[in-house]
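Chains as they are written, first to last, in our numbering: chain S, 3 to 191; chain R, 3 to 191; chain C, 3 to 191; chain E, 3 to 191.
By construction, the Cβ of each residue, glycine as well, lies at the ideal position given by its N, Cα and C atoms.
Here is the structure we will look at.
Protein chains: 4
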Amino acid sequence: MRADAARNRASLLAAAEAEFAEHGPDASVADIARRAGIGKGTVFRHFPTKEDLLAAVVLDRVTTLTALALHLAGRPDAGPALEEFLGEAAGKQQQLDLSFLRGATTVNDRLAEARRSLFDAITALVRRAQDAGAVRDDVTGMDVILMMCAPHYVTTYVPEAAPDLWRRYLGIILDGLRPEGARPLSSSR
Amino acid sequence: MRADAARNRASLLAAAEAEFAEHGPDASVADIARRAGIGKGTVFRHFPTKEDLLAAVVLDRVTTLTALALHLAGRPDAGPALEEFLGEAAGKQQQLDLSFLRGATTVNDRLAEARRSLFDAITALVRRAQDAGAVRDDVTGMDVILMMCAPHYVTTYVPEAAPDLWRRYLGIILDGLRPEGARPLSSSR
Amino acid sequence: MRADAARNRASLLAAAEAEFAEHGPDASVADIARRAGIGKGTVFRHFPTKEDLLAAVVLDRVTTLTALALHLAGRPDAGPALEEFLGEAAGKQQQLDLSFLRGATTVNDRLAEARRSLFDAITALVRRAQDAGAVRDDVTGMDVILMMCAPHYVTTYVPEAAPDLWRRYLGIILDGLRPEGARPLSSSR
Amino acid sequence: MRADAARNRASLLAAAEAEFAEHGPDASVADIARRAGIGKGTVFRHFPTKEDLLAAVVLDRVTTLTALALHLAGRPDAGPALEEFLGEAAGKQQQLDLSFLRGATTVNDRLAEARRSLFDAITALVRRAQDAGAVRDDVTGMDVILMMCAPHYVTTYVPEAAPDLWRRYLGIILDGLRPEGARPLSSSR
DNA sequence: GATGAATGAGTATTCATTCAT
DNA sequence: GATGAATGAATACTCATTCAT
């Protein structure tokens, strides 16, 4: 790939991330191109479809999260490690909520693969935290992934939310994930 | 109101609820009309604007929830009452997530009023549960309203979720809301 | 025709005249009905088509003008009589410009007939004025009918025109119609 | 600008002029696009709004008229110069009546400016004709602008008018504008 | 390779007209 | 007879996508 193409691709992804964060999946390709300082046609040269561009942005984010999870898996204190992961993840979502995880309707192979990796990494993190007695035994990695999305989501209801309002809700969820005072969960999956 | 008009209005609201639930606020008026089995023009006869239709749907739901909250406020066991409320609310959202609460940008007066009533009713419910020692003291009615939306939301990530999957996540949140094992929350509002 | 039907028809015509005057031929049937204090359906009972309603309004006006022309034809001073006619006609147009004369695309028989009568009456008026030496010989009744529409028309260009601005322009036209200083006209018809 | 874009823009303007002339300001954008042989979207790429398209058409015409007026202002015989101007102007209107002058409700700046220039140029022309004794003293440039629109307008009442029928009516108006036989005008403005 | 012009399907909304009440 | 609810064709405008330059 030529150097300028690579540069274009990078600024395109950055612009897409920002626009999608601001306007959701309805952000317009024209706006993204303008923000990236490139032509609309170039967007479609890099990604045949807006959906594909969205998938690439999500892929990026999923990959980053996976790397973070793998990194934290090395820490001896499994409970705080998981908490830190969730904090970082929720914070990142402030800029781009993970609802994109759903987004890719046409199942993009690479994205599916990346999702699986993220799932595996988080599952490991959770399991270690459970072994350390920091997380209740009846939740799975998937449960944690899902709950991880909630703090950012609920703050979107609040018109002029403080930028770290999500911490409140992550706090409640973490308390809910701990073994102390845990009541049995509905088992349906 | 004429009988046929009432029938149309009812099926219109039902169709709108369903379409909005499936496609979010971007659901098209044409689809809603088709689903309701009425002409596009009829939609606009009943609601001058798509926004107004959305507001009506939300108003309906908000009103129902308020009635439920007020009803449950009469029960002597404040803790279980709140839990039941949240369970019912989350269940209802299976069909129509509350993201609509955000929806009505042009603040419809009646809707704003209804929101306030819901807020008040839930706040009362929460306070009573707190007095009964069933809910931690550092959460507010608003916190509970927000968290109430999470269980349904997170299940939307799961492609073919069991219809009561949300119960798992409500369970976690309820555990997080109880005083046992509560750690201090970030205070930012 | 029942008494109430007659009353409805009258207020309908009045309302239509007013609405058409204010908003041109694009005035909406709903507004006309509302203004007349009757239902939309009733409008269509009286006139099968909006076009027909418009034609009726025009017919009314044409008939009035014809009556006026016939009345003035009795006056001994043919020149001033014609001038008075044109003044009255232009004044009336302030409320409803005669562009309606064109309007009836589907040639309504009664309207066509009425137009012919108006044409004949004006032609007579003109001829008498010509015989009296008050109007140049090279203009026809048709020419006068057409020019009669101009004063009101041109004032529509002036955003906040004085209500009698048209008199200025009628004055110029009258001067142009007199024999003094007349230069030969292009003969094309 | 790309060659094809320029070509499209030109045929768009031509089509718009024709459609607006035939159907007035209510001509539909779809029809204009079809007539221009381009897609609907292309119309909006060139002019963000139908109003803007209309303004462009009018601007074109106003500019042409201004140029003509300025050109004729150089001629020594002020009376015939004004007559020629009015003749040319009326002839041009055969294809597009000046009712557009009213059209641009949202006052487009460039159009407002152009209107002013046209007004000034015609006023100068009129004043010189008055100094030469060819036009009565009690009319203004504005009066002449307004009357200039009449000849074309009145011919629109005649179903299958000869293409130069307007000359008849311009003749009458010119006679009315001359000092000979002029009677005082109503002074209201 | 990059650009942005062109395209046309899709959107909310209006309105003359029809028809059940 | 009168009403106004229902209808759907029409309208201005948007936007993902294609393609000539």
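Do you know how far the Cα of Thr65(C) is from the Cα of Ile34(C)? As a first step, residue 34(C) is located in the third sequence; it is residue number 32 there, counting from the start. As a first step, residue 65(C) is located in the third sequence; it is residue number 63 there, counting from the start. So the alpha carbons of these two residues sit roughly 22 Å apart.
Any idea if Val137(C) is buried or exposed, counting beta-carbon neighbours within 10 angstroms, 16 or more meaning buried? As a position in the third sequence, residue 137(C) is number 135, starting the count at 1. So Val137(C) ends up on the buried side.
Which first and last residues belong to the alpha helix (DSSP H) in which Arg63(S) is found? Walking along the first sequence from the start, residue 63(S) turns up at place 61. Counting along the chain, Arg63(S) sits inside the alpha helix (DSSP H) bounded by residues Lys52 to Leu74.
CB contact below 9 Å: Gly178(R) versus chain S: The residue labelled residue 178(R) in the question sits at position 176 within the second sequence. So, interface residue.
Under the assumption that Met144(E) contacts Tyr171(C) (Cβ atoms under 8 Å), give the Cβ distance between them as a whole number of angstroms. As a working note, residue 144(E) is residue 142 in the fourth sequence. As a working note, residue 171(C) is residue 169 in the third sequence. Contact between Met144(E) and Tyr171(C) does not hold, since their C-beta atoms are separated by about 11 Å, which reaches or exceeds 8 Å.
What separation, rounded to the nearest whole angstrom, lies between the Cα atoms of Pro165(S) and Lys42(R)? Sequence index remark: in the first sequence, residue 165(S) carries index 163 (1-based). Sequence index remark: in the second sequence, residue 42(R) carries index 40 (1-based). For Pro165(S) and Lys42(R), the distance between alpha carbons rounds to 42 Å.
Residues of chain S with a CB under 8 Å from the CB of Glu182(R): which are they? Within the second sequence, the letter at position 180 stands for residue 182(R). From the beta-carbon of Glu182(R), the residues of chain S found nearer than 8 Å are Glu182 and Gly183.
Can you say whether Thr51(E) is buried or exposed, counting buried as having 16 or more other CB atoms within 10 angstroms of its CB? Position 49 of the fourth sequence, counted from the first residue, corresponds to residue 51(E). Taking all protein chains in view, the Cβ of Thr51(E) is surrounded by fewer than 16 other Cβ atoms within 10 Å, so the residue is classified as exposed.
Should Thr125(C) be flagged as near chain E, meaning a C-beta pair shorter than 9 Å? Mapped onto the third sequence, residue 125(C) falls at position 123. No - not a single Cβ of chain E is within 9 Å of the one on Thr125(C).
Examine chain S for any beta-carbon lying closer than 9 Å to the beta-carbon of Ala152(R), and answer yes or no. Reading the second sequence from its first residue, position 150 is the one you call residue 152(R). Under the 9 Å criterion on CB atoms, Ala152(R) is classed as interfacial with respect to chain S.
Within a Cβ cutoff of 8 Å, which residues of the same chain sit near Ala71(E), ignoring the five residues on either side of it in sequence? By 1-based counting over the fourth sequence, the position of residue 71(E) is 69. The residues are Phe87, Leu120, Ala123, Ile124, Ala126 and Leu127.
Please classify His73(R): is it buried, with 16 or more other beta-carbons within 10 angstroms of its beta-carbon, or exposed? The count along the second sequence starts at 1 and reaches residue 73(R) at position 71. With fewer than 16 other Cβ atoms within 10 Å, it is exposed.
Do Pro181(C) and Asp139(C) have their C-beta atoms within less than 9 Å of each other? By 1-based counting over the third sequence, the position of residue 181(C) is 179. By 1-based counting over the third sequence, the position of residue 139(C) is 137. Yes; because the gap between Cβ atoms is below 9 Å, this pair is in contact.
Run of the alpha helix (DSSP H) containing Ile174(C), from where it starts to where it stops: Position 172 of the third sequence, counting from 1, holds the residue named residue 174(C). Membership of Ile174(C) in the alpha helix (DSSP H) is indicated by the continuous run Trp168 to Leu179.
Cα-Cα, which of Ala184(C), Ala116(C) and Ala92(C) is closest to Val156(C)? For this step, residue 156(C) is matched to residue 154 along the third sequence. Out of Ala184(C), Ala116(C) and Ala92(C), Ala92(C) has the C-alpha closest to the C-alpha of Val156(C).
Between Thr157(E) and chain C, is there a C-beta pair that is closer than 9 Å? Translated into the one-based positions of the fourth sequence, residue 157(E) becomes position 155. Yes, contact with chain C.
Chain-ordered chain S contacts of Leu148(R) [CB-CB under 8 Å]: If you number the second sequence from 1, residue 148(R) lands on position 146. Neighbours of Leu148(R) on chain S, chain order: Val156, Thr157, Tyr159, Val160 and Tyr171.
Give me the Cα-Cα distance between Tyr159(C) and Leu113(E), rounded to the nearest whole angstrom. Here residue 159(C) is taken as the residue at index 157 of the third sequence, counted from 1. Here residue 113(E) is taken as the residue at index 111 of the fourth sequence, counted from 1. Rounded to the nearest whole angstrom, the CA to CA distance from Tyr159(C) to Leu113(E) is 15 Å.
Under a three-way DSSP split, which group does Ser189(R) fall into? Here residue 189(R) refers to the residue found at position 187 when the second sequence is read from its first residue. In this structure, DSSP gives Ser189(R) a state outside helix and strand, which the three-state scheme calls coil.
Between the Cα of Arg11(C) and the Cα atoms of Glu162(C), His48(C), Gly89(C) and His25(C), which residue gives the shortest distance? Residue numbering aside, residue 11(C) sits at position 9 when the third sequence is read from its first letter. Closest option to Arg11(C), Cα to Cα, is His48(C).
In terms of alpha-carbon separation, which member of Asp54(C), Leu176(C) and Pro161(C) lies closest to Leu1(C)? Not covered by the structure: residue 1(C). The range shown for chain C is 3 to 191.
Does Pro165(E) come out as helix, strand or coil in the three-state DSSP assignment? Taking the fourth sequence and counting its residues from 1, one reaches residue 165(E) at position 163. If DSSP states are grouped into helix, strand and coil, Pro165(E) belongs with coil.
Measure the C-alpha to C-alpha separation of Ser1(R) and Gly39(R) and round it to an integer number of angstroms. Residue 1(R) lies beyond the stretch modelled for chain R, which goes from 3 to 191, so this question has no answer here.
Closest Cβ-Cβ distance between Ile40(S) and chain R: below 9 Å? Here residue 40(S) is taken as the residue at index 38 of the first sequence, counted from 1. Not one chain R Cβ lies under 9 Å of Ile40(S).
Under DSSP, the alpha helix (DSSP H) around Gly43(E) begins and ends at which residues? Here residue 43(E) refers to the residue found at position 41 of the fourth sequence. Note, Gly43(E): alpha helix (DSSP H), Lys42 to His48.
Just to confirm the assignment, what range does the alpha helix (DSSP H) spanning Gly143(R) have? By one-based count along the second sequence, residue 143(R) stands at place 141. That run of the alpha helix (DSSP H) goes Gly143 to Met150.
Residue burial classification, Ala116(S) (beta-carbon count within 10 angstroms, cutoff 16): Position 114 of the first sequence holds residue 116(S). With a 10 Å radius around the Cβ and a threshold of 16 neighbouring Cβ atoms, Ala116(S) comes out buried.
Could you pull the start and end residues of the alpha helix (DSSP H) that Glu2(E) belongs to? Here chain E covers residues 3 to 191 and nothing more, so residue 2(E) does not appear.
Boundaries (first-last residue) of the alpha helix (DSSP H) holding Arg129(C): Residue 129(C) sits at position 127 when you count from the first residue of the third sequence. Here the alpha helix (DSSP H) through Arg129(C) covers Asp111 to Asp133.
Can you list, in chain order, the residues of its chain whose CB lies under 7 Å from that of Pro153(R), leaving out five sequence neighbours each side? The residue given as residue 153(R) occupies position 151 in the second sequence. Annotation for Pro153(R): Ala92, Trp168, Tyr171, Leu172 and Ile175 place their beta carbon closer than 7 Å to its own, counting only its chain and skipping 5 residues before and after.
What residues of chain C sit near Asp145(E), judged by a beta carbon separation below 7 Å? Here the question's residue 145(E) lines up with position 143 in the fourth sequence. Per Cβ cutoff of 7 Å: Arg170.
What first and last residue would you give for the alpha helix (DSSP H) that runs through Val31(E)? Residue mapping note: residue 31(E) aligns to position 29 of the fourth sequence, counting from 1. Run containing Val31(E): Val31 to Ala38, per the alpha helix (DSSP H) assignment.
Check whether the Cβ of Val141(E) lies closer than 9 Å to any Cβ atom in chain C. As a position in the fourth sequence, residue 141(E) is number 139, starting the count at 1. Nearest CB-CB separation between Val141(E) and chain C: below the 9 Å threshold.
Which one of Gly76(C), Gly135(C), Glu90(C) and Asn110(C) has the shortest CA to CA distance from Leu179(C)? Numbered from 1 along the third sequence, position 177 holds the residue referred to as residue 179(C). The residue from Gly76(C), Gly135(C), Glu90(C) and Asn110(C) with its alpha-carbon nearest to that of Leu179(C) is Gly135(C).
To the nearest whole angstrom, what separates the beta carbons of Gly183(E) and Asp177(C), a pair I think is in contact under 8 Å? In the fourth sequence, counting from the first residue as 1, residue 183(E) sits at position 181. In the third sequence, counting from the first residue as 1, residue 177(C) sits at position 175. Approximately 6 Å separates the beta-carbon atoms of Gly183(E) and Asp177(C); this is inside 8 Å, confirming the contact.
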